[in-house]
Amino acid sequence: MTDLYPLLRTQKYSGRGIVLGTTPSGKIAIAYFIMGRSASSRARRFIRNGRELAIKYTADKDPEHAELIIYSPIREIGNSVIVTNGDQTDTVREALRLGGSFESALRTRCFEPDPPHFTARISGIVTVENGVPSFELSVLKAGDDEGKTCVRSFFMYENREGVGHYIHTYMGGAEKLKTFGGEPWEVAIPDGIDDLTNAVWNGLDEDNKVALYTRFTDPATGGYEDRLINKYE
Numbered sequence: 254m255t256d257l258y259p260l261l262r263t264q265k266y267s268g269r270g271i272v273l274g275t276t277p278s279g280k281i282a283i284a285y286f287i288m289g290r291s292a293s294s295r296a297r298r299f300i301r302n303g304r305e306l307a308i309k310y311t312a313d314k315d316p317e318h319a320e321l322i323i324y325s326p327i328r329e330i331g332n333s334v335i336v337t338n339g340d341q342t343d344t345v346r347e348a349l350r351l352g353g354s355f356e357s358a359l360r361t362r363c364f365e366p367d368p369p370h371f372t373a374r375i376s377g378i379v380t381v382e383n384g385v386p387s388f389e390l391s392v393l394k395a396g397d398d399e400g401k402t403c404v405r406s407f408f409m410y411e412n413r414e415g416v417g418h419y420i421h422t423y424m425g426g427a428e429k430l431k432t433f434g435g436e437p438w439e440v441a442i443p444d445g446i447d448d449l450t451n452a453v454w455n456g457l458d459e460d461n462k463v464a465l466y467t468r469f470t471d472p473a474t475g476g477y478e479d480r481l482i483n484k485y486e
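All letters in the sequence shown, in the order written, are residues 254 to 486 by the working numbering.
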């Protein structure tokens, strides 16, 4: 198991990242961050939308590929919270509304159409049954350099107090970004939301980080506390 701060410090450009897990005292922990190298990617901020999270674009000129950078990272339905790095948040929510599943929804989606990177779509969901959370993560990535095939990986985790899992879009900071590979990182989750928030925000590369949202939820009541940081207000 790895601590988030030193892990993040080794990653110059992680792109976007999701952390899901449980604190030592049993609260559900969620963290989602975005980074950006271009002006349009940096012209974004997180805003709360009730119990959900949205992205607001702050530049005057409309961005290229707006659908890839403006979306709802967090949405809720029933006893589930969905966290993703794109508009597949809505795909998953609609599938659940119609009786489908996290996996069935993402089988209809693929990586982002942004050659040459073919950015992976990363997604997570927390579902609470009888006061006990369970977690799923997914990565949809290109199976070849031309983006002709899609590889869909799914990971399911039972509740372990003090343990979380972290997945991100990119490995390193090369000109042609390498897609996340392997299994999600197993990471330690602290008991304080400010400890988690500071570990992630301070661990992210100063030049490239854009926004961070964290949430601790009581699985018995659904009540939560959260933190939101925007680098470019």
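Every residue gets a Cβ at the ideal spot worked out from N, C-alpha and C, and that includes glycine. Treat the numbers as computed from the prediction; the structure is a model and nothing was measured.
Element boundaries [alpha helix (DSSP H), containing residue i]
i, result
"D448", "446-456"
"T342", "341-350"
"P259", "257-262"
"E211", "As shown, the chain starts at 254 and ends at 486. That puts residue 211 outside it, with no answer to give."
8 Å Cβ cutoff met for residue i and residue j
i, j, result
"T255", "N412", "no"
"Y258", "N455", "yes"
"I281", "T470", "yes"
"I287", "R304", "no"
"Y466", "R295", "no"
"S278", "D444", "yes"
"L375", "H418", "Strictly speaking, residue 375 in this sequence is Ile, with Leu absent from that position. For I375 and H418, no; Cβs fall outside 8 Å."
"R346", "R360", "no"
"L457", "H370", "no"
"L273", "V453", "no"
8 Å contact criterion, which residue i and residue j should meet: CB distance rounded
i, j, result
"S293", "A312", "7 Å"
"D367", "L321", "6 Å"
"V436", "F408", "Note that residue 436 is Glu in the sequence shown, not Val. Rounded, the Cβ-Cβ distance is 7 Å, consistent with contact."
"A395", "T344", "Not really, about 19 Å apart at Cβ, beyond 8 Å."
"F299", "A473", "Not a contact, Cβ separation roughly 27 Å."
"I283", "R297", "Actually they do not touch by this definition, with Cβ atoms about 19 Å apart."
"G415", "I442", "6 Å"
"T342", "S325", "5 Å"
"I330", "R350", "6 Å"
"N332", "E382", "7 Å"
"I378", "E389", "5 Å"
"A373", "V385", "Not a contact, Cβ separation roughly 29 Å."
"Y410", "S387", "7 Å"
"I446", "R480", "6 Å"
Run of the beta strand (DSSP E) containing residue i, from where it starts to where it stops
i, result
"R328", "327-330"
"A464", "462-470"
"L430", "First-last for L430: undefined, no H or E at that position."
"E389", "385-395"
"I322", "Note, I322: premise wrong, no beta strand (DSSP E); alpha helix (DSSP H) at 319-322."
"I378", "374-382"
"A473", "Unbroken run through A473: none, as it is neither H nor E."
"F408", "403-410"
"T235", "The first residue shown for the chain is 254 and the last is 486, placing residue 235 beyond what the model contains."
"G415", "Where G415 is concerned, there is no enclosing beta strand (DSSP E), given that its DSSP letter is neither H nor E."
"E365", "No beta strand (DSSP E) holds E365; DSSP gives it neither H nor E."
"E439", "438-441"
Cβ of residue i within 8 Å of any chain D Cβ
i, result
"S391", "Absent here is chain D; the protein component of the structure consists of one chain."
Query raised in the report: Fully enclosed by the region 254-311, which alpha helix (DSSP H) runs are 4 residues long or longer?
Result: 257-262, 292-295
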